[in-house]
Amino acid sequence: MSRAARITLTILKLVRARELVYRSFKNPSRGTGSLDLKNFKKSLQPEAWTVDSFRIITLLGDNPAWKHVIFLPGGAYILEATPFHRQLAAKLAGTYGLSVSLVDYPKSPEHTYRTTHDVLLKTYLQLRERYPDQEFCLLGDSAGGGLALAFLQVLRDQNITPRPGKTVLLSPWLDLTLSHPETPGYRERDQVLSLAGLQYAAGLYAGGEDPRHPLLSPLFGDLHDLGEVKLVFGSEEIFYPDCLALVDKIQGTAGTEMNWKVGEGLIHDWPIFPFPESRPMLDEIARFLLSA
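Its first residue numbered 0, the sequence shown is counted upward by one per residue in numbering that gives the first Met the number 0.
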């Protein structure tokens, strides 16, 4: 673990970041402006468009690659995208030449998972119409990672083709029940997310329905025929046991190939933060997405 990552972990403890994040779930900000077009370089050719009034920000750059990343930012299905998400999208487009569409999907408490999945499916179909010559990939972090894995199952079950051939999951929230027997052991190790905060967010997103439903907790769904999946997570996060469970469940599953990496000593969602460990990981993620 780098010195920067170690210092960040100490600061998170000192400021009681878990409590601050939980409070933000209770009183989420809206209209933060993180995804306003003025915050993107003009060279990325940012374009904002909507699906059922929900924004999509597409970045093409000067020489967009034939790969197009659909980016689902995290935030416990409650919080809007942050500057870290914007910077990651801009880096994927500006540094690696990928086309990127960042989806500002419906959030709780205003909406539940049903609206979120409905808008996401419409977005995917419209993206295919807009960019018929590009090959689509999925990228999601935290809640966005869980949403990405659930959406892959939707596309497969509805026999919608072509489907994303590659998916990147960064510290995904895979199980809204948080019922893994080893999860309690990570409550104090995770300095970003609290069990109570996640339980609160899960209840809002599920809208009173069974949180074990695969659209909510994709770990409980069928994982065959989902293409290539790259999973990245940290050893110091509450989702660590569920991420390992996903690795175990996918092993030997027909039609799904898993590649995974643990950031030892690193926090939840570490690749999106400016740690020394993040740059080589982003290089690795880009190579994965750009490969044939």
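C-beta: ideal position from N, C-alpha, C; glycine also.
Owing to the predicted nature of the structure, the values given are computational and were not obtained by experimental measurement.
| task | Identify which residue in Ile6, Arg278, Cys242 has its Cα closest to the Cα of phenylalanine 232. | result | Your numbering for residue 232 matches position 233 in the sequence shown. The residue with the shortest Cα to Cα distance from phenylalanine 232 is Cys242.
| field | Residue from Glu181, Pro163, His179 whose Cα sits closest to the Cα of glutamine 133 | value | Reading the sequence shown from its first residue, position 134 is the one you call residue 133. Checking every option, the nearest Cα to that of glutamine 133 belongs to Pro163.
| According to DSSP, is valine 14 helix, strand or coil? | Sequence index remark: in the sequence shown, residue 14 carries index 15 (1-based). Coil.
| field | Neighbourhood of threonine 122 by C-beta, 7 Å cutoff - its chain only, sequence neighbours within 5 removed | value | In the sequence shown, counting from the first residue as 1, residue 122 sits at position 123. Sequence-distant partners of threonine 122 (beyond 5 residues in either direction) whose C-beta falls short of 7 Å from its own C-beta, in its chain, are Val50, Ile55, Val102.
| task | Would you kindly report the start and end of the unbroken alpha helix (DSSP H) that includes glycine 196? | result | Against the sequence shown, residue 196 aligns to sequence position 197. Glycine 196 -> alpha helix (DSSP H) spans 194–205.
| field | lysine 229 - partner residues in DSSP beta bridges | value | Position 230 of the sequence shown, counted from the first residue, corresponds to residue 229. Under DSSP, the beta-bridge partners assigned to lysine 229 are Val167, Asn258.
| said: Less than 8 Å between the beta carbons of arginine 17 and glutamine 152, yes or no? | reply: As a first step, residue 17 is located in the sequence shown; it is residue number 18 there, counting from the start. As a first step, residue 152 is located in the sequence shown; it is residue number 153 there, counting from the start. For the 8 Å CB-CB criterion, arginine 17 and glutamine 152 do not form a contact.
| query | CB glutamate 235 to CB isoleucine 266, shorter than 8 Å? | reply | By one-based count along the sequence shown, residue 235 stands at place 236. By one-based count along the sequence shown, residue 266 stands at place 267. Against a cut-off of 8 Å, the Cβ pair of isoleucine 266 and glutamate 235 comes out as a contact.
| task | Identify, in the order they occur along the chain, each residue of the same chain with its Cβ nearer than 7 Å to the Cβ of alanine 195, setting aside the five sequence neighbours on each side. | result | Here the question's residue 195 lines up with position 196 in the sequence shown. These residues qualify, in order along the chain: Tyr21.
| Under a three-way DSSP split, which group does leucine 173 fall into? | Taking the sequence shown and counting its residues from 1, one reaches residue 173 at position 174. Residue state, collapsed to three classes: coil.
| message | Looking at leucine 43: is its Cβ nearer than 8 Å to the Cβ of alanine 80? | response | The sequence position of residue 43 within the sequence shown is 44, counting from 1. The sequence position of residue 80 within the sequence shown is 81, counting from 1. No. Outside cutoff.
| message | I'd like to know whether the C-beta atoms of asparagine 175 and proline 210 end up nearer to each other than 8 Å. | response | The residue given as residue 175 occupies position 176 in the sequence shown. The residue given as residue 210 occupies position 211 in the sequence shown. Just to set this straight, residue 175 is leucine in the shown sequence, not asparagine. Proline 210 sits close to leucine 175, with the two beta carbons spaced by under 8 Å.
| message | Taking the alpha helix (DSSP H) that lysine 248 belongs to, which residues open and close that run? | response | For this step, residue 248 is matched to residue 249 along the sequence shown. Element bounds for lysine 248: 239–249.
| query | By Cβ distance, which residues of its chain are closer than 7 Å to alanine 201, with the 5 residues on each side in sequence left out? | reply | Taking the first residue of the sequence shown as position 1, residue 201 is located at position 202. Correct list, in chain order: Leu175, Pro210.
| With distances taken from CA atoms, which of Ser193, Ala64, Tyr104 is nearest tyrosine 130? | On the sequence shown, residue 130 is found 131 positions in, with the first residue counted as 1. Here the closest residue by C-alpha is Ala64.
| request: May I have the straight-line CA-CA distance separating arginine 363 from leucine 11, to the nearest angstrom? | output: The chain is shown from 0 up to 291; residue 363 falls before or after that span and cannot be answered.
| task | Grab me the residues of tryptophan 259's own chain with a C-beta within less than 6 Å of its C-beta, minus the 5 sequence neighbours each way, in chain order. | result | Residue numbering aside, residue 259 sits at position 260 when the sequence shown is read from its first letter. Within the same chain, tryptophan 259 has close Cβ partners Leu230, Val246.
| Roughly how far, in whole angstroms, is the beta-carbon of leucine 71 from the beta-carbon of alanine 147, given that I think they are within contact range, below 8 Å? | What you label residue 71 is simply residue 72 of the sequence shown in a count that begins at 1. What you label residue 147 is simply residue 148 of the sequence shown in a count that begins at 1. Rounded to whole angstroms, the Cβ separation of leucine 71 and alanine 147 is 5 Å, and the two are in contact under 8 Å.
| task | Thinking leucine 173 and serine 216 are a contact (beta carbons under 8 Å), I'd like their distance in whole angstroms, please. | result | Against the sequence shown, residue 173 aligns to sequence position 174. Against the sequence shown, residue 216 aligns to sequence position 217. Contact check for leucine 173 and serine 216: beta-carbon distance about 7 Å, within the 8 Å limit, so the pair qualifies.
| field | Own chain residues within Cβ distance below 7 Å of alanine 302, not counting five before or after | value | One cannot answer for residue 302 here, as it falls past the ends of the chain, which runs 0 to 291.
| query | Between the Cα of aspartate 35 and the Cα atoms of Asn26, Pro45, Pro27, Ser28, which residue gives the shortest distance? | reply | What you label residue 35 is simply residue 36 of the sequence shown in a count that begins at 1. The residue with the shortest Cα to Cα distance from aspartate 35 is Pro45.
| query | So, are the CB atoms of leucine 137 and isoleucine 69 less than 8 Å apart? | reply | Your numbering for residue 137 matches position 138 in the sequence shown. Your numbering for residue 69 matches position 70 in the sequence shown. A contact, by the Cβ cut-off of 8 Å.
| message | If I follow the unbroken beta strand (DSSP E) through leucine 137, where does it start and stop? | response | Sequence index remark: in the sequence shown, residue 137 carries index 138 (1-based). Leucine 137: member of the beta strand (DSSP E) spanning 134–140, first to last residue.
| request: List the DSSP bridge partners of glutamate 46. | output: One-based indexing of the sequence shown puts residue 46 at position 47. In DSSP, glutamate 46 forms a bridge with Thr57.
| Using the rule of at least 16 other Cβ atoms within 10 Å of the residue's Cβ for burial, across every protein chain shown, is tryptophan 269 buried or exposed? | Within the sequence shown, the letter at position 270 stands for residue 269. Taking a 10 Å sphere around the C-beta of tryptophan 269, we find 16 or more other C-beta atoms and assign the residue as buried.
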